[in-house]
Amino acid sequence: MFTSSIRVKPCGFGLSICQSSKEDDLTIVLGSDKLEFVLSSGKEGHKRRLEKEVRKFYGEIVWQTPTKDRIRVRCIDTNRDLLNWRKDVGEVVKQFFNDIKVQSFRRHPVKENNILERRGNTSLLYKEENGRQVVVGFKTNVNKLCKSIENICEEDVSERRVLKVRRHEAYIVHYSDITDTLQDVNIEVDLQKSELIIRGAPEDNEVAVELLLDQFSIINTFRNLSFSTGRMTLMKVDRVRDRILMKENNLNVYYEVNESSSGLSLTLYTLSEDGKDTFIAFVQTTLVEEEMVYADQHDVNDVAVACERVERHCNGETSIEIRPEYRTIILTAFKTNVQSILTDLSYLLRIESRCEVLVHFKPMTFRFLMEKFDEIKEIVYTHDCEVWERSDLLAFYFKGSEKTIEKVRDEFEVLLSKTVFKNIKFRTRCRNMEEMDKLVDAECGKTGCMFKKDPEKMIETTRNIVVYNGDATTLDVDVIAISSNQRLKMVSGLSKVVLKKGGKQLQEECDAYVKKKGPVDSGDVFICSGGKLQCLAIAHVVTCLENNDVDTTRFEQAVVRCLLRIEFQKFKSVAFPALFTNVFRCTIDTSVKTIVEAIDTYFKDNPSSNIHTVILCDQDRGRTLTFLNTVKRTRWQSKVLLDHNIEKEFTKTYMVNSPGKVFYHCMPITFLCYFLSKEMIKILL
C-alpha cells in the first residue's frame, strides 16, 4: 500500500497526506485555519476551485467538517493506477495549500473575530487567538495586508522561533511559573521533542531567550539519589510521574528515574536552593509502591467494576492492572495511600463482588428440583443471587456473595429433607400409561405429593394381543407377515391372496431383490412394500426346513427376527397368520404355539419395543380357536379382558374395513418406573 507524506509549514501550520483506512482513499491533514478559510469562501470560492482541480485527476473530496482539520480524497475511477493517482493528487493539493498563508499579528484591533472579507478577488479570514490577530489567505493578499498594517499600525509582524533545550529544562519550563514574567511573548513547550516554541516580536523573542538561558544556568543537578523502595519498577513510576510533578510544581523540580540494586535511583533538577531536601522528604512519604491482591474467588467482571471505582475515587493517582489469567490485581499507588486503597478494594470485593459456585445433585434430586425450578428462582432472587441449570452436569450454578449462597444452600437442604425419593417398580392393572398417569395425578392432588416419571428408565410393556377371525389382508395394520420360499415366489396360500390384492409390483420387487442379492437364507426375513393393500409393508418369513420338516427352533428365531426388523423400520403393529401350515408340512398346533412363544420371548427381551399391537388372525374358525387356546395358556392368561367400549374403539382403529370378529383381546402386565415421594408409594402399593 502506497503512503505519501507532504509537509508544508508556513508559520507553524502543517499539511500532510497519508494513507486512509480505505484502500483507494487519501486523508489530507491540515491546519484548522486553512480549512476554515477554504470552507468559508462562498458559493463560487476556493472550495469549488479545489474540487475542480482534484476532479481533473478523477478524485472526489469528502469533507470531514466535524474534525475541521482534514479532508479525504476518494478515487472515482476504479481502473486508475493508485500509485500514480496518489502522487498526482498529492501535488495538486500541495500546490493549492502552499498558496495559502497564515500570518499572526501581535496587535491589530481593527478587525472582528471570524469575519470574511471579500473585495473582488481578495479573500481573507481574520481571527483572534490567545490575544493575537491571525489572518489567513492567499500569499499575495496576506502580503498586501501586512504592508497595510505596518503602514497603519507601525508595528512589526511577529515571528516564530524554536529553541532546542534539554529534556529536564523543557519539563521545568512546562511545570514552573518562570514564563509568567514574559507578557509580550507566547511560549509553547513540546515535551516529546524538547523544544520551546516562542512567538512574538523579534525584540521580545530575544529578551525571552536571554531570560530562559539565565534560568537554565542556575538549575541545580543532584544525581544518584537512592531510595530503598522494595518492589519498584520504572514502568510503575512513570504511570504516576505527572501526578507527582503536579503536586510539587511549586518546587520547580524535575527528576529522572533509574533502577539500581538498592531499589530506585533518581537524578534531580531544581531551581530552588532547598529543593533537594524538600523533594527527598516528599519522596519518602509519597513514594510509589506496588502491591498484589489475589481475587481468585471473584468474578472477573465484578473485579473490573470494583477496580474502576477505586481508580475513579483516587483521581488518577492510582494505577490498577488486572491479570485475569492469574486472577490477581496489581496495585500501584503512593505509599501513604496504599493501605487505604487496599482496604477499600477488599471491601468492594467482599461486599459487592459475586462468586460462582457449582452445586451437584443426584439424578433423582436434580430432576425433582427441575420440576420446581420456578420456586427455586424465587428463593434465590430473594437473597439477591442468580441461578441457572446445567443439565449436562446435573448441577446448578449459583452466583452471589458467599454468605447469600450459603443461605440458599441451607434452604435447599430444608426443601429436600421434606421429600423422600425412591425408584420403584410395581404392577398395576391400569390398561395403559394414560390411566396410570391419571391415577397418580388424582392421588397427588389429594395428598399434595409430587411424582416424576423417568423417561430414560421407564419400562412400559403394555401390549395389545388380539385373536382375530377374518381376512388378514383387510386389516389396517403396518405389517402383514406371510410365509415364503427362498426365492420369494408368492404362488400359494396367503401369499397368493396378498399378490392378487396387492398387485404385481410386489412380486417384481421380490424378484429384483433376489436377482441382486441372491436367494434369501432359510429362517431370514425380507420386508417389501404393501402395494395396493391397506398395510404399509409385507414381511416374508422364509421357510425353516430340516429334513423336509419345519425346525421349530429356527421357526421361533425367524418370528423374533421378523419383529426386530419391524421395530427397526419404526412400524408399530403387525398381523401374524398361522405360518407354514399349507405347504410346508407344519401342523396348526406347532405353528400357533411357535408364533405365540416367539412373541412372548421378544417382548421379554425387548420391554421398551415400539410395537404395541400384535394380531393373531386366520379365516378358518378352527385355527382361530387354536390361537385363542394357545394364548390363554401363556403367561398372559391373568390379564384384563377389554370391555365392550374399548373393543369397539380398537375395532374402529384396525378393522374398519374388515368383516371379521375379535375373539380375544388381552394386555400384558404393565411395569412402570416412577419416582414417587414416600407418602405416594404407600398409597399406590
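Residue 442 in UniProt numbering sits at position 442 of the sequence shown, with consecutive numbering throughout.
The beta-carbon is built from N, C-alpha and C at its ideal position, and this holds for glycine as well.
These numbers come from a predicted model, not from an experiment.
Nearest residue (CA-CA) to residue i, options the options
i    : options                : result
V89  : V525, E378, V73        : V73
N84  : K515, V467, D25        : D25
G622 : A578, K604, V596       : A578
I595 : T630, D605, K570       : T630
R633 : F37, D618, V592        : V592
T382 : Q534, L393, V408       : V408
N606 : V560, I379, L616       : V560
R367 : G502, M490, L394, Q569 : L394
S217 : T553, G470, Y269, D204 : Y269
A539 : L358, L499, T552       : L499
D410 : M370, E371, V359, K372 : V359
V477 : S529, R161, D600       : S529
T473 : V491, M490, V497, S483 : V497
A575 : Q534, R48, E206        : Q534
Residues bridged to residue i (per DSSP)
i    : result
R160 : R199
V614 : I465, V574
N186 : R199
F138 : I100
V560 : V560 pairs with nothing; no bridge assigned.
I480 : I538, A575
E60  : R74
CB contact below 8 Å: residue i versus chain C
i    : result
R621 : You won't find chain C in this structure, because it holds only one protein chain.
Alpha carbon of residue i to alpha carbon of residue j, nearest angstrom
i           : j    : result
Q215        : E60  : 53 Å
K362        : V467 : 46 Å
I376        : S391 : 15 Å
L506        : S609 : 28 Å
N374        : L416 : A small correction: the amino acid at residue 374 is Asp; Asn does not occupy that position in the sequence shown. Distance between the alpha carbons of D374 and L416 is about 16 Å.
K457        : K515 : Low per-residue confidence applies at K457: pLDDT is 41, beneath 50, and the placement is therefore not dependable, though the value from the model is reported in the following sentence. Those two C-alpha atoms are separated by around 44 Å.
A170        : V209 : 13 Å
I198        : R55  : 40 Å
I100        : G200 : 21 Å
T267        : H168 : 10 Å
T140        : P202 : 23 Å
S187        : Q133 : This sequence places Ile at residue 187; Ser is not what is there. If I take the Cα positions, the gap works out to 16 Å.
N98         : N79  : 30 Å
V541        : G523 : 7 Å
R70         : I379 : 60 Å
T581        : I588 : 6 Å
Y513        : I527 : 10 Å
V142        : C75  : 33 Å
K144        : V135 : 12 Å
I28         : V38  : 14 Å
D471        : E371 : 49 Å
D204        : E53  : 42 Å
G137        : K193 : 30 Å
P109        : L35  : For P109, the predicted structure reports a pLDDT of 42, less than 50, and the residue's modelled location is therefore unreliable. The matter cannot be settled from this model.
F412        : G400 : 16 Å
residue 686 : R565 : Lying outside 1 to 685, the shown extent of the chain, residue 686 is not represented and no answer is given.
V189        : K94  : 28 Å
K501        : L369 : 57 Å
I611        : V357 : 46 Å
Q619        : A481 : 15 Å
S483        : T543 : 7 Å
Check: residue i C-beta below 7 Å from any heavy atom of the ligand MN
i   : result
F57 : With respect to the ligand MN, the structure shown offers nothing to examine, as it has no ligands at all.
Inter-residue CB distance, residue i and residue j (contact presumed, cutoff 8 Å)
i    : j    : result
V102 : D33  : 5 Å
L196 : L212 : 7 Å
C385 : T365 : Actually they do not touch by this definition, with Cβ atoms about 20 Å apart.
V479 : A537 : 5 Å
F96  : L50  : 6 Å
F396 : E389 : 6 Å
S573 : T613 : 4 Å
Y58  : D77  : 4 Å
V520 : L488 : 6 Å
Y602 : L563 : 5 Å
E509 : E556 : Their Cβ separation, rounded to whole angstroms, is 27 Å, which puts E509 and E556 out of contact at 8 Å.
L475 : C617 : 7 Å
T552 : T590 : 6 Å
Which full runs of the beta strand (DSSP E) of 3+ residues lie inside the region 485-542, going along the chain? 525-529, 537-542
Which complete beta strand (DSSP E) runs does the region 353-418 hold, if anything under 3 residues is left out? 355-360, 386-390, 395-400
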